[in-house]
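Only one structure is covered here, and it is reproduced in the block below.
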Amino acid sequence: MVSLRCKIIVQQELDRIGIPYLSVNLGSVETESSIPCDQMEELKESLKRVGLEILEDKKNILIDKIKLAINELVQSREDATRVNYSDFISEKLDYDYTYLSNIFSEVEGITIQQYLIALKIERVKEFLLYDELSITEISDRMNYSSVSHLSNQFKKVTGLSPSSFYQSKK
28 MVSLRCKIIV QQELDRIGIP YLSVNLGSVE TESSIPCDQM EELKESLKRV
78 GLEILEDKKN ILIDKIKLAI NELVQSREDA TRVNYSDFIS EKLDYDYTYL
128 SNIFSEVEGI TIQQYLIALK IERVKEFLLY DELSITEISD RMNYSSVSHL
178 SNQFKKVTGL SPSSFYQSKK
């Protein structure tokens with residue numbers, strides 16, 4: 028819902044400023060031609076007022092695409108987490124995984140795997156708080172090799188075991 032709202036805001040601002048565009052998607056806008064500097068500045072300012080920004084640096088754009096792909100993988104309820112994440116990201120973005128991994132680490136200061144683990148743990152927290160799944164079911168759904176592996180990773184990231192986290196949020 029948020030992404031649809033953002034898309035509509037971007038379209039409205041493009042229309043208001045008079046910038047012709049071919050498409051507006053999450054994270055990208057395809058224009059008919061290059062945007063004059065004065066219109067680009069006006070667009071940047073108007074989007075900034077509503078909490079959006081234009082990413083012009085190709086590395087940052089690529090990092091955002093990596094994050095979107097990882098988020099898609101983690102949020103999916105269709106066993107997408109069973110997919111090898113490096114293959115998934117590489118195929119989705121059509122880049123060599125080593126290249127993506129190096130850029131991600133350089134810009135973000137953490138590895139793609141660390142980012143993935145953090146997102147998975149956030150998803151596990153959601154399951155613990157809002158779903159009626161057992162820790163075994165959560166472990167299976169999130170593609171952990173065992174409940175023990177999930178618990179160890181959860182404790183490493185949060186400082187609590189999954190059951191302690193669950194009890195503290197009741």
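For what it's worth, the working numbering labels the leading residue of the sequence shown as 28, then goes sequentially.
Glycine residues also receive a C-beta, built at the ideal position from the N, C-alpha and C atoms.
A quick note: this is a predicted structure, and the numbers were derived from the prediction, not measured.
#1: Whole angstroms is fine: what's the gap from R168's alpha carbon to E80's?
#2: Please state the DSSP three-state secondary structure of S113.
#3: Compute the beta-carbon to beta-carbon distance between L74 and V37, rounded to the nearest angstrom, for a pair I have assumed lies under 8 Å.
#4: Quick one: is Y157 buried, meaning 16 or more other Cβ sit within 10 Å of its Cβ, or exposed?
#5: Considering just the uninterrupted stretch of the alpha helix (DSSP H) at E153, what are its terminal residues?
#6: Is L49 helix, strand or coil by DSSP?
#7: Could you give the distance in angstroms between the alpha-carbon of T185 and the alpha-carbon of T125?
#8: Does DSSP classify V56 as helix, strand or coil?
#9: In angstroms with no decimal places, state the Cα-to-Cα distance between A107 and D65.
According to the data block:
#1: For the purposes of this step, residue 168 is identified with residue 141 of the sequence shown, where counting begins at 1. For the purposes of this step, residue 80 is identified with residue 53 of the sequence shown, where counting begins at 1. Approximately 35 Å between the Cα atoms of the pair.
#2: The residue you call residue 113 lines up with position 86 of the sequence shown. Note: S113 maps to helix in three-state DSSP.
#3: Translated into the one-based positions of the sequence shown, residue 74 becomes position 47. Translated into the one-based positions of the sequence shown, residue 37 becomes position 10. Yes, they are in contact, since the Cβ atoms of L74 and V37 sit about 7 Å apart, within 8 Å.
#4: On the sequence shown, residue 157 is found 130 positions in, with the first residue counted as 1. Y157 comes out exposed.
#5: Reading the sequence shown from its first residue, position 126 is the one you call residue 153. I139 to Y157 is the extent of the alpha helix (DSSP H) around E153.
#6: For the purposes of this step, residue 49 is taken as the residue at position 22 of the sequence shown. Note: L49 maps to strand in three-state DSSP.
#7: Residue 185 sits at position 158 when you count from the first residue of the sequence shown. Residue 125 sits at position 98 when you count from the first residue of the sequence shown. Answer to the nearest angstrom: the Cα atoms are 28 Å apart.
#8: Counting from one through the sequence shown, the residue named residue 56 turns up at place 29. It is a strand residue.
#9: In the sequence shown, counting from the first residue as 1, residue 107 sits at position 80. In the sequence shown, counting from the first residue as 1, residue 65 sits at position 38. Caution is warranted here: a pLDDT of 49 is assigned to A107, below 50, making its placement in the model unreliable, and the coordinate value is therefore given only provisionally. Their Cα atoms are separated by approximately 44 Å.
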